[in-house]
Amino acid sequence: MTQRYVGQAMKRKEDPRLVSGTSTYVDDVVLPGMLHMAIARSIHAHARLKSIDTSKAKKLPGVVAVVTGEEVAAHCGPIPCAASIPDMKNAQRQLLAVGKVRFVGEPIAAVVAEDKYIARDAADLIEIDYDTLPVVVNPEKAMDPASPRLYDEFSDNIAYRFAFESGNTEEAFKNADVIVKERFINQRLAPVPMEPRGAVATYQMPDNELVVWNSTQQPHGLRTLLANLLRVPENRTRVIAPEVGGGFGCKIDLYAEDGLVGYLAKKTGRPVKWIEGRRENIAATIHGRDQIQDVELGLKKDGTILGMSVRSIADLGAFHSLFTPMIPTLTGLLAPGCYKVPALKFDQVGVLTNKMATDAYRGAGRPEATYLIERIVDVAAQKLKMDPAEIRRKNFPQPDEFPFKTSGGVIYDSANYEVALDRALELSDYKGLRQKQAQLRQQGKYMGIGLSSYVEICAMGPSTALPGGGWEAGSVRIERTGKVTVLTGASPHGQGQETTFAQIVADELGIEPDDVVTMHGDTARVAAGIGTFGSRGTAVGGTAVYLAVQDLKEKMKKIAAHLLESTSDKIELGIGKLMVKGDSGRSINFADVVTAAYNAVNLPPGVEPGLDATRFFEPSNFTFPFGTHVCVVEIDEETGEPRITKYVAIDDCGNVINPLLVEGQVHGGLVQGIAQALHEEVVYDENGQLLTGSLMDYAVPRAHDFPEFELDRTVTPSPVNPLGIKGVGEAGTIGSTPAVVNAIVDALSPFGITHIDMPVRSEKVWKILKGRKAS
Amino acid sequence: MQVKITINGKLYEKDVEPRLLLTHFIRDVAGLTGTHIGCETSICGACTVLANGLAVKSCTMFAVQADGSDVVTIEGMAKDGRLHPLQEGFWEEHGLQCGYCTPGMIMCSHQLLARNPSPTQEEIRSALDGNLCRCTGYQNIVKAVQSASRKMTKAPKVAVGD
Chain A
10 MTQRYVGQAM KRKEDPRLVS GTSTYVDDVV LPGMLHMAIA RSIHAHARLK
60 SIDTSKAKKL PGVVAVVTGE EVAAHCGPIP CAASIPDMKN AQRQLLAVGK
110 VRFVGEPIAA VVAEDKYIAR DAADLIEIDY DTLPVVVNPE KAMDPASPRL
160 YDEFSDNIAY RFAFESGNTE EAFKNADVIV KERFINQRLA PVPMEPRGAV
210 ATYQMPDNEL VVWNSTQQPH GLRTLLANLL RVPENRTRVI APEVGGGFGC
260 KIDLYAEDGL VGYLAKKTGR PVKWIEGRRE NIAATIHGRD QIQDVELGLK
310 KDGTILGMSV RSIADLGAFH SLFTPMIPTL TGLLAPGCYK VPALKFDQVG
360 VLTNKMATDA YRGAGRPEAT YLIERIVDVA AQKLKMDPAE IRRKNFPQPD
410 EFPFKTSGGV IYDSANYEVA LDRALELSDY KGLRQKQAQL RQQGKYMGIG
460 LSSYVEICAM GPSTALPGGG WEAGSVRIER TGKVTVLTGA SPHGQGQETT
510 FAQIVADELG IEPDDVVTMH GDTARVAAGI GTFGSRGTAV GGTAVYLAVQ
560 DLKEKMKKIA AHLLESTSDK IELGIGKLMV KGDSGRSINF ADVVTAAYNA
610 VNLPPGVEPG LDATRFFEPS NFTFPFGTHV CVVEIDEETG EPRITKYVAI
660 DDCGNVINPL LVEGQVHGGL VQGIAQALHE EVVYDENGQL LTGSLMDYAV
710 PRAHDFPEFE LDRTVTPSPV NPLGIKGVGE AGTIGSTPAV VNAIVDALSP
760 FGITHIDMPV RSEKVWKILK GRKAS
Chain B
1079 MQVKITINGK LYEKDVEPRL LLTHFIRDVA GLTGTHIGCE TSICGACTVL
1129 ANGLAVKSCT MFAVQADGSD VVTIEGMAKD GRLHPLQEGF WEEHGLQCGY
1179 CTPGMIMCSH QLLARNPSPT QEEIRSALDG NLCRCTGYQN IVKAVQSASR
1229 KMTKAPKVAV GD
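Residue numbers (the numbering used here), protein chains in the order written: chain A, 10 to 784; chain B, 1079 to 1240.
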């Protein structure tokens, strides 16, 4: 195979329709007779429902149906949770609240009407009488047996405990010269894809055929879940994910509204559409992060790490969405980061509170790990008066130690952490930065340099690690004209699989990417799939496609050998042709082999007509991308604003199919990770009222918040898949957050500051500066 | 109320509720779904269109306020099957991923380049402050606008919506 396209910065095949406004997102789907759904939601964080009066809503002209909890629960299953932890309390929720509400924004009633304005008016006419209950929003308080309980059937609000110990931490701390301790708050975030959620459903009788358009990251998984929930045969259920406007993890789940449009389409016999408003999106689409971590690290005087203890409280919110109880446990697996931590004790409780559920948000449990280890290592460096780069270097496992089994219980596939660190130091001119910092400090100016050496768990994942399976399916069909159709279960939402998969297939078959079309996002077209999340699209989905192409190549070689009177082991694929190795005169055009496969009059014995192959790829392990980021901040003395003046990111995601797309993923990830450090936070008050309920209050970052990022890569192929890919969807988010906070703490270290909780907004820094002036 | 709105050179006339948003007029009455809705509070800019040459957020403007206006949406940018330099710029510089914010970004950038044909990076970032993107980290969006700026200042003036 000649690599003509893999590794090239090709423009995306999907872009012409996206820049022209001709692509189809869920809200662009219009069907004859379509009704519009609106939801009446709880205004209280915790209350019993005394009565729901829908009579005024039903009388409004244009309203077709109004439904409430009991009716829907009699016909539909609850919101599914696929995750399971031993002795877990399963906090289940019905599509519409029955008896009780547990968070602001919980759906109580659904209206369908002839247009969306009438549906909204009618939802506002529903009169709900609440009997309010005491609210608990602080997870530490929620753990107290005396605090209000969310579920009458549970003895307390602790949903699960996940604890393990590797090595002997007691011994490690006894032998330590230095022990550093810190409490880190990893605040609650809202994913905020630019396209909110949305769904359209039709239900055709008498075949009981359900067709759903849904802005989902996993059409096949949603199909299975919806079929079960709505009690429709799965083989009569079709899910289409058309253009999906961003996901970041929050579009993996099955939400109440996804089930309700299906139920109401069945009930009314007409198509039903629901499009989420942004305020609904922030209140009732899953949130991410939200962990309190008490971390202790024991080290020798020279900076060698001996052991670590992490006690973590994960705020799960009010119920279990698809992966809610699983996500925080990933923090334990990745807690050692890219260091040798011989002894690790991890003890986590998952706690129910009167807030929206948490679940997978870009990074999903791993940013929380990277943040705690990268922060505590910096705290240790500060205490030991070591350079942050040197304490990191000292504790890296060496390249010849891979595959490397960690005290988190996972096996890192391949890495060279030191090379990435050195490249980051070189590209950022780290020495020069330190000199500049010293000079500025003498002038009374505060600049900080933050490092973050990260590793992450990607290419989710082996099926043993992912509820519902961690494989991916890929089909490749060479059509009679030689055009190639690729079908992938890894349904993308901006990642560019239509382009990268065409690059892979074009190189393997010696054809042009323009001759390859990748289809996805429709369960009627693509036989099976898992989806795109956990940086798995190319590493797992791309590998399934690659394997299917290998099958076709073998078949084409057999046909070519037959036609060239040779044997298939002597045939190789060139550009546009198949030829006998070492005999350039004996070749046959690619197109002629394809024609022979379909005309089927001169095929070798035992070879079936056609060129169509499907493969399922089951990875043997996760992959572990890594890198080092360097962030430089300057503190505005007047306002306290920490301004990022330089940002260098060295990422190693293994082999690269398209560097343009890899860069794009890193850029987007950096912005999301930096925004956690500086801006974003979902805030509920003590009554469980959402204070950051619109984009006027929830601080999604803007273009002017960032400098131009400087990127580079090291390349360490993964041995887990034949393409050597590690995945890059979450790297930027995981690596960047601690780099920024480390830089701010570094800037303020002359004031004796060892930690500042996120988001580090101007106000927090200004108070520190003001305190200094006052003293 | 009866309104007449010209969108991409075509006149649309309809009796609408006074509360109908311009964005719903564009999407539901004219059937032009390239204009997206992202926030309902004028913050995200996904719904940005040009009304009489000015970039406006069509989710917080009533159709009746646009009565008599000349509106250009993303569908009006390409001419004779050729992409506008801004559309080309976003494609060439990988200025989009999921594509949802892109039409609004392009319409807002169009206004910027009409006012300031050769903006600095800082000016581009500042001009796009009313448009949110959750995928790209903005860096390639800046490059896309720079690329369009270079093309448009070299080439004869590219008119839009006529």
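Ideal Cβ positions, reconstructed from N, Cα and C, are used throughout, including at glycine.
Whole-angstrom C-beta distance between residue 375 of chain A and residue 44 of chain A, which should lie under 8 Å | Looking up residue 44 of chain A in the first sequence gives position 35. Looking up residue 375 of chain A in the first sequence gives position 366. No, residue 44 of chain A and residue 375 of chain A are not in contact; Cβ-Cβ is about 41 Å, not under 8 Å.
For the stretch 703 to 716 of chain A, which residues have a beta carbon sitting closer than 7 Å to at least one beta carbon of chain C?
-> Looking for chain C here will not work: the only protein chains present are A and B.
To the nearest whole angstrom, what separates the beta carbons of residue 442 of chain A and residue 458 of chain A, a pair I think is in contact under 8 Å?
-> Taking the first residue of the first sequence as position 1, residue 442 of chain A is located at position 433. Taking the first residue of the first sequence as position 1, residue 458 of chain A is located at position 449. 5 Å between Cβ atoms; contact.
Alpha carbon to alpha carbon, how far is residue 722 of chain A from residue 31 of chain A?
-> Taking the first residue of the first sequence as position 1, residue 722 of chain A is located at position 713. Taking the first residue of the first sequence as position 1, residue 31 of chain A is located at position 22. Taking the straight line from one Cα to the other gives about 35 Å.
Jot down the residue ranges of each uninterrupted beta strand (DSSP E) in the stretch 285 to 350 of chain A, minimum 3 residues, whole runs only, in chain order.
-> 297 to 308 and 314 to 326
Put residue 1240 of chain B into one of helix, strand or coil per three-state DSSP.
-> By 1-based counting over the second sequence, the position of residue 1240 of chain B is 162. The predicted position of residue 1240 of chain B is uncertain, since its pLDDT is 40 and thus under 50; a value taken from the coordinates is nonetheless stated next. In the structure shown, residue 1240 of chain B sits in coil (DSSP, three-state: anything other than H, G, I, E or B).
At which residue ranges does the stretch 547 to 599 of chain A contain complete alpha helix (DSSP H) runs of 4 or more residues, listed in the order of the chain?
-> 552 to 573
Please go through the same chain and pick out, in chain order, the residues whose beta-carbon is closer than 7 Å to the beta-carbon of residue 233 of chain A, but skip the five residues on each side of it.
-> By 1-based counting over the first sequence, the position of residue 233 of chain A is 224. If the five residues before and after residue 233 of chain A are omitted, its C-beta is found closer than 7 Å to the C-beta atoms of 243, all from its own chain and listed in chain order.
Proximity winner among B:1154, B:1087, B:1153 and B:1099, relative to residue 1079 of chain B (alpha-carbon distances) = For the purposes of this step, residue 1079 of chain B is identified with residue 1 of the second sequence, where counting begins at 1. For the residues B:1154, B:1087, B:1153 and B:1099, the minimum Cα distance to residue 1079 of chain B belongs to B:1099.
What residues in its chain sit with their C-beta under 6 Å from that of residue 531 of chain A, if we drop five residues either side in the sequence?
-> Counted from its first residue, the first sequence places residue 531 of chain A at position 522. If we look at residue 531 of chain A and ignore the five residues flanking it on each side, its Cβ neighbours are 249.
Classification of residue 776 of chain A by the beta-carbon crowding that lies within 10 angstroms, buried from 16 upward = Along the first sequence, one-based indexing puts residue 776 of chain A at 767. Flag for residue 776 of chain A reads exposed.
Which of the residues in the stretch 719 to 749 of chain A, read from start to end, lie with their CB under 8 Å from any CB of chain B?
-> 741
Is any beta-carbon of chain A found at less than 8 Å from that of residue 1193 of chain B?
-> As a position in the second sequence, residue 1193 of chain B is number 115, starting the count at 1. With 8 Å as the cut-off, residue 1193 of chain B does not count as an interface residue toward chain A.
With DSSP run on the structure shown, which of helix, strand or coil describes residue 409 of chain A?
-> Along the first sequence, read from residue 1 onward, the residue named residue 409 of chain A stands at position 400. Residue state, collapsed to three classes: helix.
Three-state secondary structure assigned by DSSP to residue 446 of chain A | As a working note, residue 446 of chain A is residue 437 in the first sequence. Residue 446 of chain A: helix per DSSP, three-state reduction.
Checking contacts by CB at 8 Å: is residue 759 of chain A closer than that to chain B?
-> The residue labelled residue 759 of chain A in the question sits at position 750 within the first sequence. Chain B contact via Cβ: absent.
Going by Cα to Cα distance, which pick from B:1214, B:1228, B:1208 and B:1190 is closest to residue 678 of chain A?
-> Start at 1 with the first residue of the first sequence, and residue 678 of chain A comes out as number 669. Closest by alpha carbon: B:1214.
Count the other C-beta atoms from every protein chain shown that fall within 10 angstroms of the C-beta of residue 695 of chain A, then say buried if there are 16 or more, exposed otherwise.
-> Your numbering for residue 695 of chain A matches position 686 in the first sequence. Result: exposed.
Other residues of its chain near residue 79 of chain A: CB distance less than 8 Å, five sequence neighbours each side excluded | Within the first sequence, the letter at position 70 stands for residue 79 of chain A. If we look at residue 79 of chain A and ignore the five residues flanking it on each side, its Cβ neighbours are 107.
Which residues of chain A have a Cβ atom closer than 9 Å to the Cβ of residue 1220 of chain B, listed in chain order?
-> In the second sequence, counting from the first residue as 1, residue 1220 of chain B sits at position 142. Under the 9 Å cutoff, chain A gives 712 and 717.
Span separating the alpha-carbon of residue 371 of chain A from that of residue 270 of chain A | In the first sequence, counting from the first residue as 1, residue 371 of chain A sits at position 362. In the first sequence, counting from the first residue as 1, residue 270 of chain A sits at position 261. Using only the alpha carbons, I get a separation of about 27 Å.
Per the contact definition of three or more C-beta pairs closer than 8 Å, is the stretch 1197 to 1207 of chain B in contact with the stretch 1138 to 1148 of chain B?
-> no
Show which residues of chain B have a CB atom less than 7 Å away from the CB atom of residue 654 of chain A.
-> Within the first sequence, residue 654 of chain A is the residue found at index 645, counting from 1. Ordered by position in chain B, no residue passes the 7 Å Cβ test against residue 654 of chain A, which lies about 13 Å from the chain.
At a Cβ cut of 8 Å, what residues of the stretch 1080 to 1096 of chain B count as close to chain A, listed as they run along the chain?
-> 1095
Looking only at its own chain, which residues have a Cβ that is under 7 Å from the Cβ of residue 552 of chain A, when we skip the five neighbours before and after it?
-> What you label residue 552 of chain A is simply residue 543 of the first sequence in a count that begins at 1. Same-chain partners within the cutoff: 626, 730, 731 and 732.
Taking Cβ positions only, does residue 1244 of chain B come closer than 8 Å to chain A?
-> No answer is possible for residue 1244 of chain B: the residues shown for chain B start at 1079 and end at 1240.
Can residue 510 of chain A be considered in contact with the ligand ATP, in the sense that its beta carbon sits closer than 7 Å to one or more heavy atoms?
-> What this structure holds is no ligand at all, so the ligand ATP is not there to describe.
Out of A:771, A:235 and A:93, point me to the one whose CA is closest to residue 169 of chain A's CA.
-> Reading the first sequence from its first residue, position 160 is the one you call residue 169 of chain A. Looking at the Cα atoms, A:93 is the closest of the given residues.
Report back the beta-carbon spacing between residue 790 of chain A and residue 198 of chain A to the nearest angstrom; my notes put them in contact at under 8 Å.
-> Residue 790 of chain A lies beyond the stretch modelled for chain A, which goes from 10 to 784, so this question has no answer here.
Given residue 1128 of chain B as reference, the closest of B:1222, B:1225, B:1102 and B:1187 once Cα atoms are compared | Numbered from 1 along the second sequence, position 50 holds the residue referred to as residue 1128 of chain B. The option with the nearest alpha carbon to residue 1128 of chain B is B:1187.
Under a three-way DSSP split, which group does residue 277 of chain A fall into?
-> Numbered from 1 along the first sequence, position 268 holds the residue referred to as residue 277 of chain A. DSSP places residue 277 of chain A in helix when its eight states are reduced to three.
Partner residues on chain A for residue 1204 of chain B, Cβ-Cβ distance less than 7 Å = Working through the second sequence from its first residue, we reach residue 1204 of chain B at position 126. Simply 713.
From the beta carbon of residue 1240 of chain B, is the nearest beta carbon of chain A less than 8 Å away?
-> For the purposes of this step, residue 1240 of chain B is taken as residue 162 along the second sequence, with counting starting at 1. Note on residue 1240 of chain B: pLDDT 40, under 50, position unreliable in the model; the coordinate value appears next. Not an interface residue.
Within 10 angstroms of its Cβ, does residue 1207 of chain B collect 16 or more other Cβ (buried), or is it exposed?
-> On the second sequence, position 129 is the one that residue 1207 of chain B refers to. Exposed, because fewer than 16 other Cβ atoms sit within 10 Å of the Cβ of residue 1207 of chain B.
Whether residue 1223 of chain B touches residue 1174 of chain B by CB criterion (8 Å) | The residue labelled residue 1223 of chain B in the question sits at position 145 within the second sequence. The residue labelled residue 1174 of chain B in the question sits at position 96 within the second sequence. No. Outside cutoff.
How is residue 214 of chain A classed by DSSP in three states: helix, strand or coil?
-> Within the first sequence, the letter at position 205 stands for residue 214 of chain A. Coil at residue 214 of chain A, not helix or strand.
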